[in-house]
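In this note's numbering, the protein residues as written are 2 to 228. All residues carry an ideal CB built from backbone N, CA and C; glycine is no exception. The structure presented is a predicted model; accordingly, all values stated were derived computationally and were not measured. The structure appears right after this line, and notes come after that.
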């Protein structure tokens, strides 16, 4: 709503607690451009208590992981698991960034609360392989994990367990684009949490997103960002 956007643009620090995440919304992007600090969270308040701790440790771990993954130019990411994930994604000149949940610095930025992931926006149109999704699927899904999702040329093309989900991603331009590859870095987060924003931060997990990624180094603007 216009009055909420106006309030965001007037404020210096913004805390967004909503049913659906507004992390990647156009209003948030504009507020960041104007130097605002924004923390976003969805629904489950217990995640504030459980997973928002040891910020400096999470920040240091993310910085270390980013340094390793950004060390070489023109690198290629290869995600594999024993359960069937086998996804190859060229990184190009894109860089991993550290979302640790640190809003102490007075610069325009958005962070999830709880924080704890490193993420990259792969070059659009790249990425091929299969994802075995066993922890969490987007709110659009009509079933429950596990899901097998096939990515071709940086787009979702198949999900045998949920053809309706693929149709939703194909309904508008840019929705089905592989927008993000990320790794959890928060040792206090739990993969058994009710809050997706906490699940994806769990140390030892990885996730991808489809949709918009313009707020963290990508070029795909659309109406959703689904992890």
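Taking each of 50, 88 and 198 in turn and checking the Cα distance to residue 138, the smallest one comes out for 198. In chain order, 119 and 207 place their CB closer than 6 Å to the CB of residue 184, counting only its own chain and leaving out the 5 sequence neighbours on each side. Taken through DSSP and simplified to helix, strand or coil, residue 210 comes out as strand. Using a Cβ distance threshold of 8 Å, residue 23 and residue 41 count as a contacting pair. From the listed residues 101, 95 and 150, the smallest Cα separation to residue 84 is found for 150.
The secondary-structure analysis by DSSP pairs residue 23 with nothing; it has no beta-bridge partner.
Spanning the alpha carbons of residue 205 and residue 171 requires a straight line of approximately 31 Å. Under the three-state reduction of DSSP, residue 5 is assigned to helix. Residue state for residue 227 is assigned as strand, using DSSP reduced to three classes. Counting along the chain, residue 148 sits inside the beta strand (DSSP E) bounded by residues 148 to 153.
Secondary structure at residue 80: strand, using DSSP grouped into helix, strand and coil.
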